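Undergrad: Following this message is one structure expressed as structure tokens.
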Amino acid sequence: MADEENLPSGWEKRMSRSSGKVYYFNHITNASQWERPVGDGRGEPEKVRCSHLLVKHNQSRRPSSWREQNITRTKDEALELIQKYIEQIKSGQEKFESLASQFSDCSSAKNGGDLGLFGRGQMQKPFEDASFALKVGDMSGPVFTDSGVHIILRTG
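Following the working numbering, the numbering of the sequence shown begins with 1 at its first residue and continues without gaps.
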């Protein structure tokens with residue numbers, strides 16, 4: 001489609017099977033939204049600030065954390081947990097920071113998942129790409145890295 005050329009990097013136009021309405025999907029962040037995304041990706045910041053919630057699994061590069069010495073859950077089980085957390089956040093039932101503090105397998109949990117500022121080349125590539133593709137205040141869908149499955153919240 002001609003107007004897809006004008007979408008920011010990573011975004012594509014899709015049709016909702018349930019409502020028949022057009023929505024936009026970002027294949028980098030797995031985020032979806034009804035509103036047309038804006039921006040052309042040229043004004044990218046040098047650094048972003050994000051929080052995340054990490055769920056490790058038995059194939060993670062280091063399958064242990066402050067929560068659990070030996071993580072045995074499968075990748076599919078980790079994804080199920082991430083999807084449950086996303087639903088709880090989107091529904092307003094839980095706050096991102098609260099879930100990250102309780103359930104993230106990263107030591108950033110003690111800061112509500114806050115990773116502080118980081119630039120390109122400092123994080124694993126899928127995490128970096130998703131972080132820079134999000135707008136401030138936006139939350140990703142599941143993001144897979146060698147560490148496990150993440151939800152990323154861009155805070156700055």
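C-beta atoms are modelled at their ideal positions from N, C-alpha and C, and glycine is treated no differently.
In this text, all values refer to a predicted model and were calculated from it rather than measured experimentally.
On the CB-based measure, 16 or more other CB atoms within 10 Å of its CB, does K47 come out buried or exposed?
TA: As a position in the sequence shown, residue 47 is number 47, starting the count at 1. By the neighbour-count rule (16 or more Cβ atoms within 10 Å), K47 is not buried but exposed.
Undergrad: Going by other Cβ atoms of all chains shown within 10 Å of its Cβ, with 16 needed for buried, is T155 buried or exposed?
TA: Taking the first residue of the sequence shown as 1, we reach residue 155 at position 155. Result: buried.
Undergrad: So what does K47 bridge to, in DSSP terms?
TA: Locating residue 47 in the sequence shown gives position 47, counting from the first residue. Partner(s): G119.
Undergrad: Does the beta-carbon distance from G194 to H52 come in below 9 Å?
TA: Any answer about residue 194 is impossible in this case: the structure gives the chain only from 1 up to 156.
Undergrad: Could you say which of F132, R36, L153 and T72 lies nearest to I89 if we only look at CA atoms?
TA: Looking up residue 89 in the sequence shown gives position 89. Considering only alpha carbons, the answer is L153.
Undergrad: Which value, in whole angstroms, describes the spacing of the CA atoms of H27 and Q69?
TA: In the sequence shown, residue 27 corresponds to position 27, counting from 1. In the sequence shown, residue 69 corresponds to position 69, counting from 1. When rounded, the distance between both Cα atoms is 33 Å.
Undergrad: Whole angstroms are fine: how far does the CA of I82 sit from the CA of R61?
TA: Taking the first residue of the sequence shown as position 1, residue 61 is located at position 61. Taking the first residue of the sequence shown as position 1, residue 82 is located at position 82. Each residue's Cα considered, the two are about 18 Å apart.
Undergrad: Report all residues from its chain with a CB closer than 7 Å to the CB of L54; omit the five preceding and five following residues, and keep chain order.
TA: As a working mapping, residue 54 is identified with position 54 in the sequence shown. Excluding residues within five positions, the ones whose Cβ falls inside 7 Å are S104, D105, C106, S147, G148 and H150.
Undergrad: Compare the beta carbon distance of M123 and S131 with 9 Å and say whether it is the shorter of the two.
TA: Residue numbering aside, residue 123 sits at position 123 when the sequence shown is read from its first letter. Residue numbering aside, residue 131 sits at position 131 when the sequence shown is read from its first letter. The answer is yes: Cβ separation under 9 Å.
Undergrad: Taking only the alpha-carbon atoms, compute the straight-line gap between G121 and T145 and give it to the nearest angstrom.
TA: Reading the sequence shown from its first residue, position 121 is the one you call residue 121. Reading the sequence shown from its first residue, position 145 is the one you call residue 145. About 14 Å.
Undergrad: Take the Cβ of T29 as the centre, count every other Cβ of all protein chains shown within 10 Å, and call the residue buried at 16 or more, exposed below.
TA: Locating residue 29 in the sequence shown gives position 29, counting from the first residue. T29 comes out buried.
Undergrad: Out of E35, N6 and P8, point me to the one whose CA is closest to M15's CA.
TA: Within the sequence shown, residue 15 is the residue found at index 15, counting from 1. Cα-wise, what sits closest to M15 is E35.
Undergrad: Which ranges does the alpha helix (DSSP H) cover as unbroken runs of at least 4 residues, wholly within the region 94-151, from first to last along the chain?
TA: Fully enclosed alpha helix (DSSP H) runs of 4 or longer: 96-103 and 125-133.
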